[in-house]
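Student:
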Amino acid sequence: MRGKDTVKRLNEIVGRYFDIPPGVGFGAHQPPFDIDNPDLHETKGELLAEIELIEKLLSQLNVLVPLLRSPLLGKDAEKKVGLPLMQYVDSEARRYAAKRMVEDPTDLVIDGAAKVGAWGSSATLLGGIQRLAERRRADLDARLEKTWSKRGRPPNAYARTIALRLAKLVAGRTGRKPTLGTASDGGHPSTDYGRALEETFEALEIKGEIRRPGEWALKQLTDEDIVRLPIYDLHIFEALRSKSSVPED
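Right, here's the structure in full:
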């Protein structure tokens with residue numbers, strides 16, 4: 150989430166161009182649409198660096214997780230070797246947890262893990278991280294093939310995502326499909342959606358022009374998106390619908 154000034158500016162932009170007021174209560178401190186970045190990799194090098202990190206992590210987890218599981222799920226000989234160590238760790242963890250006051254979520258996690266068995270809890274947790282890391286690696290491999298194997302500069306996924314979220318917000322509030330155009334006297338945007346998108350990009354520090362992301366976003370709108378919503382439903386609608394993944398080409 151961006152800072153309060155950014156949120157305030159985004160609410161001001163959509164309010165000025167489309168008469169969309171900010172939410173009420175906690176919603177007053179939220180942006181008019183989700184501004185999370187679905188893709189934090191701006192270069193191929195950044196993506197490859199994360200893949201390398203995942204490979205290092207998996208190389209360790211692929212050894213550690215089976216070792217942790219051996220006293221629990223291994224063969225009889227493995228259980229016999231690992232059981233004393235597991236019992237020692239569980240006993241010491243319970244003793245340590247008994248001396249701690251549960252004052253924050255971390256204390257609560259430690260206390261819960263100690264009560265059910267620190268060794269088994271660790272095996273379960275690290276096994277879950279292992280599976281998620283494998284899934285993330287597969288996702289990044291697919292993204293590498295899809296986005297960075299092509300010639301030329303890949304599309305800015307964040308720019309497209311923000312353009313689409315703004316377009317859906319406007320369509321849902323006005324009941325009309327936004328339009329995008331360029332003024333003949335200077336090349337600046339000639340429509341409210343274009344002007345709002347330009348200011349939104351500035352507020353979110355998104356570099357580049359708005360035309361391509363904006364045109365792409367408008368093509369993604371469906372008849373379902375262009376349905377005017379009551380004002381009190383708007384923020385709920387956006388929260389449910391704007392959690393999009395990386396845009397498709």
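Residue numbering for the sequence shown follows the working numbering, beginning at 150 and increasing consecutively.
Every residue gets a Cβ at the ideal spot worked out from N, C-alpha and C, and that includes glycine.
Computed from a predicted model, the values in this text were never measured in an experiment.
Would you kindly check if the distance between the Cβ of Gly-357 and the Cβ of Ala-308 is under 8 Å?
Tutor: For the purposes of this step, residue 308 is taken as the residue at position 159 of the sequence shown. For the purposes of this step, residue 357 is taken as the residue at position 208 of the sequence shown. In contact: Ala-308 and Gly-357 (Cβ atoms closer than 8 Å).
Student: If the criterion is Cβ atoms closer than 8 Å, does the pair Asn-160 and Pro-180 meet it?
Tutor: Looking up residue 160 in the sequence shown gives position 11. Looking up residue 180 in the sequence shown gives position 31. Contact: yes.
Student: Between which two residues does the alpha helix (DSSP H) containing Lys-264 stretch?
Tutor: One-based indexing of the sequence shown puts residue 264 at position 115. Counting along the chain, the alpha helix (DSSP H) containing Lys-264 begins and ends at 254-265.
Student: Between Lys-228 and the rest of its own chain, which residues show a CB-CB distance below 6 Å, the 5 nearest in sequence each way excluded?
Tutor: Along the sequence shown, one-based indexing puts residue 228 at 79. Correct list, in chain order: Pro-220.
Student: Is the beta carbon of Gly-363 less than 8 Å from the beta carbon of Leu-318?
Tutor: Here residue 363 is taken as the residue at index 214 of the sequence shown, counted from 1. Here residue 318 is taken as the residue at index 169 of the sequence shown, counted from 1. No, the pair does not count as a contact, with Cβ atoms beyond the cut-off.
Student: Any Cβ of chain B within less than 8 Å of the Cβ of Asp-372?
Tutor: The structure shown contains no chain B; it holds only a single protein chain.
Student: Since Ile-375 contacts Lys-295 with CB under 8 Å, what's their CB separation in whole angstroms?
Tutor: On the sequence shown, residue 375 is found 226 positions in, with the first residue counted as 1. On the sequence shown, residue 295 is found 146 positions in, with the first residue counted as 1. 29 Å between Cβ atoms; not a contact.
Student: Judging by CA-CA distance, which residue of Pro-215, Leu-353 and Gly-164 is the nearest neighbour of Asp-154?
Tutor: Stepping through the sequence shown from its first residue, residue 154 is reached at position 5. Cα-wise, what sits closest to Asp-154 is Leu-353.
Student: Could you tell me whether the segment 260-270 touches the segment 281-291, using the rule of 3 or more Cβ pairs below 8 Å?
Tutor: no
Student: Counting only the same chain and skipping the five closest in sequence on each side, list residues whose C-beta sits under 7 Å from that of Thr-349.
Tutor: For the purposes of this step, residue 349 is taken as the residue at position 200 of the sequence shown. The beta carbon of Thr-349 sits closer than 7 Å to those of Leu-159, Ile-162, Ile-311 and Leu-315, all from its chain and outside the five residues before and after it, given in chain order.
Student: Measuring CA to CA, which of Trp-297, His-337 and Thr-331 is closest to Lys-193?
Tutor: Against the sequence shown, residue 193 aligns to sequence position 44. If we check each option's Cα against that of Lys-193, Trp-297 comes out closest.
Student: On a CA-only basis, which of Gly-335, Leu-232, Arg-286 and Leu-370 is nearest Gly-269? Give me that one, please.
Tutor: Numbered from its first residue, the sequence shown carries residue 269 at position 120. It is Leu-232.
Student: Take the Cβ of Asp-382 as the centre, count every other Cβ of all protein chains shown within 10 Å, and call the residue buried at 16 or more, exposed below.
Tutor: For the purposes of this step, residue 382 is identified with residue 233 of the sequence shown, where counting begins at 1. Bear in mind that the predicted position of Asp-382 carries a pLDDT of just 45, short of 50, making it unreliable; the figure below should be weighed with that in mind. Label assigned to Asp-382: exposed.
Student: To which residues of the same chain is Val-156 closer than 6 Å at the C-beta, ignoring the five residues directly before and after it?
Tutor: For this step, residue 156 is matched to residue 7 along the sequence shown. Cβ within range, chain order: Pro-180.
Student: Keeping to the same chain, check which residues put their C-beta closer than 8 Å to that of Leu-257; ignore five residues upstream and five downstream.
Tutor: For the purposes of this step, residue 257 is taken as the residue at position 108 of the sequence shown. Hits under 8 Å: Val-251.
Student: Could you check which residue in Thr-273, Leu-217 and Glu-195 has the C-alpha nearest to that of Gln-236?
Tutor: Position 87 of the sequence shown, counted from the start, is the residue given in the question as residue 236. Minimum Cα distance to Gln-236 is reached at Leu-217.
Student: Checking 8 Å against the spacing of the C-beta atoms, do Leu-313 and Ala-366 come in under that value?
Tutor: Mapped onto the sequence shown, residue 313 falls at position 164. Mapped onto the sequence shown, residue 366 falls at position 217. Cβ distance < 8 Å, so Leu-313 and Ala-366 count as in contact.
Student: Would you report the Cα separation of Ala-306 and Gly-164, rounded to the nearest angstrom?
Tutor: Taking the sequence shown and counting its residues from 1, the one referred to as residue 306 is at position 157. Taking the sequence shown and counting its residues from 1, the one referred to as residue 164 is at position 15. Those two C-alpha atoms are separated by around 25 Å.
Student: Kindly indicate the opening and closing residues of the alpha helix (DSSP H) around Lys-153.
Tutor: In the sequence shown, residue 153 corresponds to position 4, counting from 1. Per DSSP, Lys-153 belongs to the alpha helix (DSSP H) from 153-167.
Student: Check whether the Cβ atoms of Ala-332 and Ile-203 sit closer than 8 Å, and answer yes or no.
Tutor: As a working note, residue 332 is residue 183 in the sequence shown. As a working note, residue 203 is residue 54 in the sequence shown. No, they are not a contact pair.
Student: With a Cβ-Cβ cutoff of 8 Å, do Ile-359 and Glu-347 count as a contact?
Tutor: Position 210 of the sequence shown holds residue 359. Position 198 of the sequence shown holds residue 347. Taking 8 Å as the Cβ cut-off, Ile-359 and Glu-347 qualify as a contacting pair.
Student: Between Asp-253 and Glu-201, what straight-line distance do the alpha-carbon atoms span, to the nearest angstrom?
Tutor: Translated into positions along the sequence shown, residue 253 becomes position 104. Translated into positions along the sequence shown, residue 201 becomes position 52. Distance between the alpha carbons of Asp-253 and Glu-201 is about 34 Å.
Student: On the premise that Ala-226 lies in contact with Ala-242, defined as a C-beta separation below 8 Å, what is that separation, rounded to the nearest angstrom?
Tutor: Sequence index remark: in the sequence shown, residue 242 carries index 93 (1-based). Sequence index remark: in the sequence shown, residue 226 carries index 77 (1-based). No, Ala-242 and Ala-226 are not in contact; Cβ-Cβ is about 25 Å, not under 8 Å.
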